[in-house]
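Novice:
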Amino acid sequence: MRAAVNQKLRTGAERLANWLLTAETAQGNQGALTLDIEKRVLASHRGMMPENLSRAFSTLVPHGLANHGVRILITDQSALQPYAAPDPLIDAPE
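Given below as structure tokens:
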């Protein structure tokens, strides 16, 4: 149910930003993360086509993200956080 609400209430870039912040936290809050899945699989899991994932990454650059293939740098977490639009009703652990 939360996934459906997430997909309906957020843009693809917001869903990606939210996922990246969550994944970065899971990998130790180092300001960077390494994608451990293919981008086409990530796109599918975020409810978008691969070309839309690429556009979403581009959209996030001015909001503190640098995309280097499988290595993603969060250059400004304070700018990315509000863009990700975290919501405790959608994002709280189950």
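Read left to right, the sequence shown gives residues 43 to 136 (the working numbering). The beta-carbon is built from N, C-alpha and C at its ideal position, and this holds for glycine as well.
Judging by CA-CA distance, which residue of A126, A127, G111 is the nearest neighbour of T76?
Specialist: For T76, the nearest C-alpha among the options comes from G111.
Novice: Is T29 helix, strand or coil when you go by DSSP?
Specialist: The question about residue 29 has no answer, for the chain in this structure spans 43 to 136.
Novice: Spatial neighbours of A137 within its chain, please: CB distance less than 7 Å, with the 5 preceding and 5 following residues excluded, ordered by chain position.
Specialist: Nothing in the structure corresponds to residue 137, since the chain is present only between 43 and 136.
Novice: If you reduce the DSSP assignment to three classes, tell me which class A74 lands in.
Specialist: Residue state, collapsed to three classes: strand.
Novice: For the beta strand (DSSP E) that A140 lies in, which residues bound it at each end?
Specialist: Nothing about residue 140 can be reported from this structure: the residues present for the chain run from 43 to 136 only.
Novice: Quick one: Cα of T53 to Cα of S100, how far?
Specialist: Cα to Cα, the separation comes out at about 14 Å.
Novice: Of the residues A98, T117, D118, A121, which one's Cα is nearest the Cα of L84?
Specialist: For L84, the nearest C-alpha among the options comes from A98.
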